[in-house]
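Written out below as C-alpha cells is the structure these notes cover.
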Amino acid sequence: MGSLKDVLVVADALHAQTGHAELLAAAGGHLMVAVKGNQPKLFAQLKALPWAQVPVGDQTRDTGHGRKETRTVKAITIQTPGGLGFPHVQQAVRITRTHTIKGRTTRETAYLTVSLPAEQAQPTDLGAWARSEWHIENRLHYVRDVTLREDAHQTRTGNGPTVFATLRNTPIGYHRTNGATNIAEATRRANRRPHDLIDAVTRRNPTTQ
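For any residue, its number in the numbering used here is found by taking its place in the sequence shown, counting from 1, and adding 5.
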C-alpha cells in the first residue's frame, strides 16, 4: 500500500478488523470505523463506557418530508494505549439518532472508534464524517442490498462479487444521473420499457423517460 499520510478513512462495521487498522496506520492514515456485533468484545467495551457522565459534544436537527431527526454526538478520549481491544484507537464515539415520523419516535445508537486525537477530531467533525458515510450507505449500499437483492446473491468467490457489484452500481448511477430519487421505481419503469432505456443510453444527452 502506498502512502496515505494524514488520510482519514471512514468505514462501516465490515472494516472493524485489526488487520485493516494496522495496514492503514502503517501507510500513515487514520481510521474511523463503526463497531457492531461482528466485534462483540469491542462492542461490549464501547457500550460499557461511562457515557452518562460525558457531556454532549455536538447536536444537530433536521426536518423534512414529515420527518424529524436529532443526532447527538459524544466522544471519550482513550487515555491508555491499548485501552480498547482495537489498535490505534484515540477516541471512542457514541452517536444517537432519534427519528420522529408521523408521531412515532425511534432511536438508534451507533458506536465507533477513531484513531485521531480530540485536538484533530472534535465531536462536530466526528458527526459530519459519520453522516457522510451513512449518506453513502443509504444511497448506494442499501439500494444494492434491498432493491437489487445483493445479499441474496450466491456469488461469493473469485471476481464474481466485484463484477456483480459493478453491474449493480451502473444502473443506480445511471438512474441517479437522470434525476431518479426512487431507484426501485426507476428500475420497474426500465423493465417495462426496455427500448426506451436503450435509446436513452445511446443518446448523447440522456434524459429521464
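No residue lacks a Cβ here, since even glycine has one placed at the ideal position from N, Cα and C.
All figures in this text were calculated on a predicted structure; none of them were measured in a lab.
Check	Outcome
Three-way DSSP call (helix, strand, coil) for lysine 46 in this model	helix
Buried/exposed call for glycine 132, threshold 16 Cβ in 10 Å	buried
Beta strand (DSSP E) segment containing histidine 104, residue limits	96 to 106
Between the CA atoms of valine 168 and threonine 212 - distance to the nearest angstrom	With a pLDDT of only 49 at threonine 212, under 50, the local geometry of the prediction cannot be trusted, and no value is derived from it.
Cut-off 7 Å between Cβ atoms - residues of its own chain near histidine 20, not counting five sequence neighbours on either side	Val38
Extent of the continuous alpha helix (DSSP H) run through histidine 35	First-last for histidine 35: 35 to 40, but that is the beta strand (DSSP E), not the alpha helix (DSSP H).
Beta-carbon proximity check, phenylalanine 91 vs threonine 118, cutoff 8 Å	yes
Inter-residue spacing [alpha-carbon to alpha-carbon] between isoleucine 81 and leucine 54	9 Å
Per-residue burial, valine 15 [other beta carbons within 10 Å of its own, 16 or more giving buried]	buried
Inter-residue spacing [alpha-carbon to alpha-carbon] between glycine 8 and alanine 26	Here residue 8 is serine; the residue named in the question, glycine, does not match the sequence. Answer to the nearest angstrom: the Cα atoms are 14 Å apart.
Through-space distance from threonine 23 to alanine 32, alpha-carbon basis	14 Å
Neighbourhood of alanine 126 by C-beta, 7 Å cutoff - its chain only, sequence neighbours within 5 removed	Gln96 and Val119
Host beta strand (DSSP E) of threonine 118 (start-end)	109 to 119
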